[in-house]
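Participant:
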Amino acid sequence: MWKLHPQPLLAIKANVSANPKTWIVIGLTVAGIVVLAETHRRRRRRTGTQILLSEPFIEPRFQLLPFPQPPPPAATQPLASLSFAVSDIFDVKGYVTGFGSPDWARTHEAATKTAFVVTALLKNGATCVGHTVMDELNFGITGENVHYGTPVNPELQSHIPGGSSSGSAVAVAAGLVDFALGIDTTGCVRIPASFCGVIGYRPSHGAVSMLGVLPNSQSLDAVGIFACNPSILRRVGHVLLQLNSVEPKRARCLIFADDLFQLPKIPTEKTVHVVSKAIEHLSGYQPPKHMNFSQYIASNVPSLKAFREDSTKRQNGVFTLKALSSVMLLIQSCEFKTNHEEWVKSAKPKLGPDVSDRVRAAINSTNENMKTLYKVRTEMRAALQSLLKDDGILVIPTVADPPLKLNTKKGGSSEFNDRTLALTSIVSMSGCCQVTVPVGKHNDCPISVSFIAFHGVDKFLLDTVLDMYSSVQEKVSITSHSLPLPDTNGNMDASELLKEKGNAAFKGRQWNKAVNYYTEAIKLNMMSATYYSNRAAAYLELGCFQQAEEDCSKAISLDKKPTPPTKHPHLCYTHFVYVLMLHRPTFCVIQHRRPYCLAYDGHTIRRMHSSTSSIPLIGYVHRVEEFSLIVKGLHKYIGSSSPLNVKAYLRRGTARESLLCYKEAAQDFKHALVLEPQNKVASLAEKRLKKLLS
């Protein structure tokens with residue numbers, strides 16, 4: 001330890017007292033040292049964070065070499081020369097399995113055995129290069145970990161990689177390994193595969209051994225695979241599933257869930273069209289089918305009715321899948337509690353905010369309703385078996401939204417979670433097998449489609465993906481370089497005739513026919529807001545919510561009329577009143593010096609006696625004769641457009657609510673109420689959405 005001698009200090013003190021400028025020099029020196037130290041500390045901190053965020057692996061790194069290759073003439077091992085990584089949930093002998101949590105690692109010993117699946121891969125020639133980062137305790141779908149950092153998504157560095165198996169997905173996407181393993185519980189492999197632009201595979205539930213893997217929820221957990229191409233995926237799948245290489249060929253029938261492709265804001269030309277075109281010239285494919293999947297589940301999974309909301313209008317569509325995802329999360333909570341309640345209470349782990357909420361909810365959950373929850377799962381599997389049989393493959397979007405930006409606040413992610421889990425719950429709850437395939441990008445974000453086959457026909461699904469993959473990627477390339485063809489204007493009278501035919505078809509409940517008529521009318525006249533609004537109504541009846549939203553947005557934009565000219569006196573007054581209505585959209589009164597007033601209550605414009613009006617005074621009209629001119633001008637200018645706008649906002653709000661975009665839907669219903677304050681549909685919807693958002 002350093003010791004200071006008093007004599008030099010006294011000398012310095014005397015010198016400083018004699019020369020005050022010395023204090024200034026000392027102060028500047030100390031300040032400089034502090035600034036340099038802080039700058040160095042911040043630079044070191046930034047550098048450390050960057051390394052942490054870009055590294056998908058957890059320390060200590062290790063390498064497990066493959067078992068010895070048998071001598072010739074024995075065949076080469078199927079996975080020879082391939083490298084792989086595993087999430088921090090698979091046991092590796094001699095290393096602590098961390099479960100994504102430092103507190104779990106601190107309170108557990110090193111594994112005494114290596115997980116069965118890891119050993120199987122080593123026996124078949126692959127090399128394991130380490131554990132990868134994952135969400136804590138296998139909770140969460142973002143891939144963010146407050147302790148180990150968030151692996152950087154190579155496809156979109158400022159956005160989440162998806163989770164919980166984020167590190168494994170990033171390792172494959174970055175080319176660090178040929179394939180990787182993760183655990184898929186509620187979508188934990190399929191979601192990061194989609195966000196990182198790689199192939200992801202969730203096998204049939206129970207088809208791959210879970211020995212040596214930490215459980216989150218046994219009824220939902222499944223070993224999943226990330227791969228850079230379908231050939232490697234098929235080879236790894238055959239090893240883990242212990243499949244026979246020979247199987248009788250059968251025709252494939254693709255079934256597109258049209259209602260689910262309304263969830264993502266992605267043109268179907270980049271998803272449904274790509275897959276449809278890819279199989280046109282491939283042998284062994286039946287003509288594709290199309291269906292409303294949500295309605296099918298609502299009709300064939302009766303136990304799910306207990307988890308749907310009361311409103312009959314909300315019991316169909318995507319709300320059915322939202323109910324399914326809620327059942328999935330309840331099962332996960334109850335089973336996690338059974339597995340880990342004792343450890344959580346004794347270790348009191350420090351967890352990230354989102355994971356902490358999930359764990360707390362799981363520990364506080366009850367098992368009273370478990371029989372009903374499992375009954376939903378049983379009915380779901382039976383419904384998928386009846387639909388797909390041996391040759392059917394359901395085609396759905398993997399996720400509903402692009403990846404969130406890093407560190408998105410909790411409020412912004414709740415809607416994202418609802419929409420994402422609505423899609424992933426289909427396979428998690430049915431136990432079917434699913435492969436996620438990248439199909440290019442939209443707005444610079446990776447997009448994908450998923451292929452689902454019934455439980456136990458994994459080889460059939462893997463062979464199908466391998467068969468169509470190159471053709472799909474070829475169509476992706478063509479689509480990404482093609483430009484949409486513009487519509488052409490046509491004869492106005494012909495378009496009106498088509499609109500009337502569409503209205504007649506709509507009244508006759510012939511929704512598809514109505515859509516076709518309105519579409520032909522739009523081709524002839526692209527500037528009619530009515531055509532788009534009417535087609536949106538037909539789309540809503542068909543459950544095509546994305547198209548309905550787009551049509552309503554177009555109708556609203558077209559119905560915004562320009563400011564009227566002010567050359568004619570009555571138009572001057574009309575403009576004056578209109579400007580006031582914009583500033584006071586709920587009500588407005590223009591009163592002259594006699595006992596009459598012009599009242600606007602947000603819906604109608606009328607002349608009335610001022611003594612009967614309870615609407616506050618805004619301004620004056622000097623001549624009584626102007627009333628009729630103003631009323632006529634206003635009705636001509638805005639009166640006919642207001643009901644159309646109300647309908648467009650109501651329809652767009654309904655579409656957005658069905659797409660689980662609650663905030664946007666609430667804004668639409670609020671706009672409708674501004675235009676028509678007494679509208680009961682908008683009022684009830686706004687109250688309902690406020691409750692959901694709270």
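Here full-length UniProt numbering is used: the first residue of the sequence shown is 1, the next is one more, and so on. Think of the CB as a built atom: it goes at the ideal place given N, C-alpha and C, for glycine as much as any other residue.
1) Enumerate in chain order the residues of its own chain whose CB-to-CB distance from proline 402 is below 6 Å, with the five nearest sequence positions on each side excluded.
2) Kindly indicate the opening and closing residues of the alpha helix (DSSP H) around glutamine 332.
3) Around the C-beta of glutamine 63, are 16 or more other C-beta atoms found within 10 angstroms, so that it is buried, or is it exposed?
4) Would you please state the rounded distance, in angstroms, between the beta carbons of leucine 254 and valine 395? I believe it to be under 8 Å.
5) Looking only at C-alpha atoms, which of Ser533, Lys123, Asp135, His340 sits nearest to threonine 107?
6) Roughly how many angstroms separate the alpha carbons of glycine 48 and isoleucine 556, rounded to a whole number?
7) The beta strand (DSSP E) spanning isoleucine 89 covers which residue range?
8) Which term fits alanine 115, buried or exposed, when burial requires 16 or more other beta carbons within 10 angstroms of its beta carbon?
9) Throw me the rounded Cβ distance for the methionine 468 and alanine 278 pair, which I believe falls under 8 Å.
10) On the CB-based measure, 16 or more other CB atoms within 10 Å of its CB, does asparagine 512 come out buried or exposed?
11) Quick one: complete beta strand (DSSP E) runs, 3+ long, within the region 238-310?
12) Between the alpha carbons of glutamate 55 and alanine 105, how many angstroms are there, rounded?
13) What are the partner residues of glutamine 434, as DSSP defines its beta bridges?
14) Suppose only complete runs of 3+ residues qualify. What are the beta strand (DSSP E) ranges in the region 133-195, listed by chain order?
15) Are the beta-carbon atoms belonging to valine 189 and glycine 200 less than 7 Å from one another?
16) Using 10 angstroms around the beta-carbon of leucine 321, count the other beta-carbons present and answer buried if the total reaches 16, otherwise exposed.
17) Give me the DSSP bridge partner(s) of histidine 131.
18) Let me make sure I understand the geometry here. Which of Thr338, Arg234, Pro71, Leu181 has the alpha-carbon closest to that of leucine 461?
19) Note down the Cα distance separating glutamine 77 from valine 177, rounded to an integer number of angstroms.
20) Quick one: measure Cβ to Cβ for glutamine 138 and threonine 185, integer angstroms, because I've assumed they're closer than 8 Å.
21) Taking the CB atoms as reference points, tell me whether glutamine 385 and phenylalanine 451 lie closer together than 7 Å.
22) Please report the straight-line C-alpha distance between valine 117 and leucine 79, rounded to a whole angstrom.
23) Would you check if there are 3 or more beta carbon pairs closer than 8 Å linking the region 423-440 to the region 201-211?
24) Consult DSSP for phenylalanine 99 and reduce its assignment to one of helix, strand or coil.
25) Relative to the C-alpha of histidine 238, which residue among Val208, Pro151, Ala537 is closest?
26) So, at 8 Å on beta carbons, what are the nonlocal neighbours of lysine 554 in its own chain, with the 5 sequence-adjacent residues on each side left out?
27) Under three-state DSSP, which class holds phenylalanine 62?
28) If you draw a straight line from the alpha carbon of phenylalanine 84 to that of valine 327, how long is it in whole angstroms?
29) What is the DSSP secondary structure of leucine 462, counted as helix, strand or coil?
30) So alanine 110 is in the beta strand (DSSP E); what residue range does that whole segment cover?
31) Excluding five sequence neighbours on each side, which residues of the same chain lie with their C-beta closer than 7 Å to the C-beta of aspartate 668?
32) Within 10 angstroms of its Cβ, does asparagine 367 collect 16 or more other Cβ (buried), or is it exposed?
33) Would you mind listing the alpha helix (DSSP H) stretches within the region 464-546 that are 4+ residues and don't spill past its ends, in chain order?
34) Which of helix, strand or coil does DSSP assign to leucine 394?
35) Evaluate threonine 132 with the Cβ neighbour count: other Cβ atoms within 10 Å of its Cβ, from every protein chain shown; 16 or more gives buried, anything less gives exposed.
36) Looking at the structure shown, is valine 653 part of a helix, part of a strand, or coil, going by DSSP?
Facilitator: Well, looking at it:
1) For the purposes of this step, residue 402 is taken as residue 402 along the sequence shown, with counting starting at 1. Here the set comprises Cys445.
2) The count along the sequence shown starts at 1 and reaches residue 332 at position 332. Note, glutamine 332: alpha helix (DSSP H), 318-347.
3) Here residue 63 corresponds to residue number 63 of the sequence shown, with the count starting at 1. Glutamine 63 should be labelled exposed.
4) As a working note, residue 254 is residue 254 in the sequence shown. As a working note, residue 395 is residue 395 in the sequence shown. Between valine 395 and leucine 254 the Cβ distance is about 6 Å, and since that is below 8 Å, they are a contact.
5) In the sequence shown, counting from the first residue as 1, residue 107 sits at position 107. Among Ser533, Lys123, Asp135, His340, the Cα nearest to that of threonine 107 belongs to His340.
6) Along the sequence shown, read from residue 1 onward, the residue named residue 48 stands at position 48. Along the sequence shown, read from residue 1 onward, the residue named residue 556 stands at position 556. Only weak support exists for where glycine 48 lies, its pLDDT of 37 falling under 50; the coordinates are left without a value.
7) For this step, residue 89 is matched to residue 89 along the sequence shown. First-last for isoleucine 89: undefined, no H or E at that position.
8) Translated into positions along the sequence shown, residue 115 becomes position 115. When all chains shown are included, alanine 115 counts as buried.
9) Taking the sequence shown and counting its residues from 1, the one referred to as residue 468 is at position 468. Taking the sequence shown and counting its residues from 1, the one referred to as residue 278 is at position 278. Methionine 468 to alanine 278, Cβ: 6 Å. Contact.
10) Residue 512 sits at position 512 when you count from the first residue of the sequence shown. Flag for asparagine 512 reads exposed.
11) Segments of the beta strand (DSSP E) lying fully in the region 238-310: 253-257, 289-291.
12) Along the sequence shown, one-based indexing puts residue 55 at 55. Along the sequence shown, one-based indexing puts residue 105 at 105. Answer to the nearest angstrom: the Cα atoms are 19 Å apart.
13) Working through the sequence shown from its first residue, we reach residue 434 at position 434. Beta-bridge pairing links glutamine 434 to Arg202, Ile452.
14) 179-184
15) Residue numbering aside, residue 189 sits at position 189 when the sequence shown is read from its first letter. Residue numbering aside, residue 200 sits at position 200 when the sequence shown is read from its first letter. Yes, these two residues count as a Cβ contact at 7 Å.
16) Within the sequence shown, the letter at position 321 stands for residue 321. By the 16-neighbour rule on beta-carbons within 10 angstroms, leucine 321 is buried.
17) Here the question's residue 131 lines up with position 131 in the sequence shown. According to DSSP, which records beta bridges pairwise, histidine 131 is partnered with Val86.
18) As a working mapping, residue 461 is identified with position 461 in the sequence shown. Check the Cα spacing between leucine 461 and each of Thr338, Arg234, Pro71, Leu181: the tightest is with Arg234.
19) Within the sequence shown, residue 77 is the residue found at index 77, counting from 1. Within the sequence shown, residue 177 is the residue found at index 177, counting from 1. So the alpha carbons of these two residues sit roughly 18 Å apart.
20) For the purposes of this step, residue 138 is identified with residue 138 of the sequence shown, where counting begins at 1. For the purposes of this step, residue 185 is identified with residue 185 of the sequence shown, where counting begins at 1. Per the sequence presented here, residue 138 reads as asparagine, with glutamine not at that position. Going by Cβ atoms, the distance from asparagine 138 to threonine 185 rounds to 6 Å, so yes, they are a contact pair.
21) Mapped onto the sequence shown, residue 385 falls at position 385. Mapped onto the sequence shown, residue 451 falls at position 451. Cβ distance not < 7 Å, so glutamine 385 and phenylalanine 451 don't count as in contact.
22) The residue labelled residue 117 in the question sits at position 117 within the sequence shown. The residue labelled residue 79 in the question sits at position 79 within the sequence shown. Cα-Cα distance, rounded: 13 Å.
23) yes
24) Walking along the sequence shown from the start, residue 99 turns up at place 99. Phenylalanine 99 falls in the coil class under three-state DSSP.
25) The sequence position of residue 238 within the sequence shown is 238, counting from 1. For histidine 238, the nearest C-alpha among the options comes from Val208.
26) Taking the first residue of the sequence shown as position 1, residue 554 is located at position 554. Closer than 8 Å at Cβ, skipping near neighbours: Ala529, Tyr532.
27) To locate residue 62, count along the sequence shown from 1; it is residue 62. Of the three classes helix, strand and coil, the one that applies to phenylalanine 62 here is coil, per DSSP.
28) To locate residue 84, count along the sequence shown from 1; it is residue 84. To locate residue 327, count along the sequence shown from 1; it is residue 327. Taking the straight line joining both Cα atoms gives about 34 Å.
29) Here residue 462 corresponds to residue number 462 of the sequence shown, with the count starting at 1. Leucine 462 falls in the helix class under three-state DSSP.
30) Residue numbering aside, residue 110 sits at position 110 when the sequence shown is read from its first letter. Segment: none, alanine 110 is in no beta strand (DSSP E) and carries neither H nor E.
31) On the sequence shown, residue 668 is found 668 positions in, with the first residue counted as 1. Same-chain partners within the cutoff: Tyr649, Arg652, Gly653, Arg656.
32) For the purposes of this step, residue 367 is taken as residue 367 along the sequence shown, with counting starting at 1. Exposed, since its Cβ has fewer than 16 Cβ neighbours within 10 Å.
33) DSSP runs (the alpha helix (DSSP H)) wholly in the region 464-546: 492-507, 511-524, 529-542.
34) Residue 394 sits at position 394 when you count from the first residue of the sequence shown. Strand.
35) Numbered from 1 along the sequence shown, position 132 holds the residue referred to as residue 132. When all chains shown are included, threonine 132 counts as buried.
36) Counting from one through the sequence shown, the residue named residue 653 turns up at place 653. What sits at residue 653 in the sequence shown is glycine, not valine. Reduced to three states, the DSSP call for glycine 653 is helix.
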